[in-house]
Amino acid sequence: MSQLTPGDPAPDFALPDARGDRVTLGDFAPGKVIVYFYPAALTPGCTTEAVDFTTAAPAFARAGYRIVGISPDAPDKLARFEAKAGLDLTLLADPDKAVIRAYGAWGERLLYGKKVTGVIRSTFVLDVDAAGHATVAQAFYGVRAKGHVDRLQRDLLPTA
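Residue 600 is where the sequence shown starts when you use the working numbering, and the numbers rise one by one after that.
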């Protein structure tokens, strides 16, 4: 899959959340959305990233951003993840990986020094217009779970 760059149209999605309710990109219109892709719920790195996003969510919300996490996990696993880690985010299930692939977040990556094929931890900042169409404002591929949310806060949020 090719990677998205700023100015590209963002692929639309319609995916189930942790309760099985369908969520679309257009549901966030108009507004700014941070969409992040992560490999697997209930794993250490993904928990770190999700907890960091939950902690930062109020500051992002004050600046007009909403946060969506997408993984190949099933909705019931996402519900367990939310409950166990105390998450307050929109988590969506993409078990067939269609949306993950559309965003270029599927491919080869290193896992403990070995090349594997899977979800490439990636984050996108999207501008969604009133009609529900989105444009990529920023795209980050191959990010690290730890420290990434802090970087986004520095880049996106006004300083006090």
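All residues carry an ideal CB built from backbone N, CA and C; glycine is no exception. Only a predicted model underlies this, so the values are computations on that prediction, with no experimental measurement involved.
Beta-carbon proximity list for residue i, same chain, < 6 Å, skipping 5 on both sides
i, result
"Gly644", "Ala744"
"Gly625", "Gly731"
"Thr646", "Ala684"
Beta-carbon proximity of residue i to residue j, cut-off 8 Å
i, j, result
"Thr623", "Ala613", "yes"
"Leu751", "Ala658", "no"
"Gly685", "Gln602", "no"
"Trp705", "Lys714", "no"
"Val632", "Tyr664", "yes"
"Gly619", "Pro674", "yes"
"Ala628", "Ala701", "no"
Nonlocal neighbours in the same chain, by C-beta distance under 7 Å from residue i, ignoring five residues either side
i, result
"Leu688", "Ala649, Phe652, Thr653, Ala656, Ile666 and Gly668"
"Thr716", "Gly706 and Glu707"
Classification of residue i by the beta-carbon crowding that lies within 10 angstroms, buried from 16 upward
i, result
"Tyr711", "exposed"
"Ser721", "buried"
"Asp672", "buried"
Residue range of the unbroken beta strand (DSSP E) whose run includes residue i
i, result
"Leu690", "Thr689 to Ala692"
"Gln737", "Ala733 to Tyr740"
"Ala613", "Ala613 to Pro615"
"Gly668", "Tyr664 to Ser670"
"Arg753", "First-last for Arg753: His747 to Leu755, but that is the alpha helix (DSSP H), not the beta strand (DSSP E)."
"Arg661", "Element bounds for Arg661: not the beta strand (DSSP E) but the alpha helix (DSSP H), Pro643 to Arg661."
"Thr722", "Ser721 to Val727"
"Leu710", "Trp705 to Leu710"
"Thr623", "Arg621 to Thr623"
8 Å contact criterion, which residue i and residue j should meet: CB distance rounded
i, j, result
"Ala738", "Asp726", "Contact flag wrong, Cβ pair sits at about 13 Å."
"Val718", "Tyr637", "7 Å"
"Val698", "Pro610", "7 Å"
"Thr734", "Gly606", "7 Å"
Cβ shell of residue i (< 8 Å), same chain only, five flanking positions each side left out
i, result
"Leu677", "Asp616, Ala617, Ala640, Ser670, Leu690, Leu691 and Ala692"
"Thr604", "Val735 and Ala738"
Host alpha helix (DSSP H) of residue i (start-end)
i, result
"Lys696", "No alpha helix (DSSP H) holds Lys696; DSSP gives it neither H nor E."
"Phe680", "Pro674 to Ala684"
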